[in-house]
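In our numbering, the protein residues as written are 149 to 284.
For each residue, glycine too, the CB sits at the ideal point set by N, CA and C.
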C-alpha cells in the first residue's frame with residue numbers, strides 16, 4: 149500500500165491568480181495541452197470566487213489552478229512588474245510542433261537549444277513565464 153506522503157511528493161499543483169478566466173483557459177488548453185479537471189464556484193463571506201483546475205496531457209499529476217485574487221491588492225499585482233508572476237517548466241514530447249504553433253502568437257518569447265534540451269520561453273495572458281522543454 150502506497151503512503152499518502154509519496155503521492156503528494158509526485159504531484160505538482162501551481163496556483164495562478166487570474167482576472168480573465170476565459171482568456172487564461174483558452175491559452176492553456178489551446179496552446180499548451182491542458183484539460184479541465186474541475187470548474188467550480190466558491191462561496192466566501194466576502195462573495196463568490198471561481199476556481200478552475202487543469203491538468204496537463206503529458207502528466208496528469210501536474211496541474212495548474214486558476215483563482216481570482218482574494219483582495220484588491222492581489223488583483224492589482226496580477227501581471228504587473230514586481231507583482232504575482234510565476235515561472236514553471238513543462239515537459240513536452242514534441243517541442244518543434246509546439247514552437248511552430250506558438251511562434252505565430254503574442255505569447256511566444258524565444259527558443260533556445262542546448263546540448264541537453266530544447267527550451268521555449270512563453271508568456272501567458274497574465275504575464276507568467278512558462279518554459280516548455282524537451283530533453284535531448
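Determine the contact status of residue 200 and residue 180, defining contact as a CB-CB distance below 7 Å.
no
Quick one: using the 10 Å Cβ neighbour count with 16 as the cut-off for buried, is residue 260 buried or exposed?
exposed
What do you get for residue 211, buried or exposed, if any count of 16 or more other CB atoms within 10 angstroms of its CB means buried?
buried
Residues near residue 175 by beta carbon distance below 8 Å, same chain, minus five either side
Residues 255, 272, 273 of the same chain have their beta carbon placed closer than 8 Å to that of residue 175, with the five preceding and five following residues left out of the count.
Indicate the three-state DSSP secondary structure (helix, strand or coil) for residue 173 in the structure shown.
Helix at residue 173.
So what's residue 209 in DSSP terms, helix, strand or just coil?
strand
Minimum C-alpha distance to residue 266 - residue among 252, 238, 243, 248
Cα-wise, what sits closest to residue 266 is 243.
Helix, strand or coil at residue 261 according to DSSP, with G and I counted as helix:
strand
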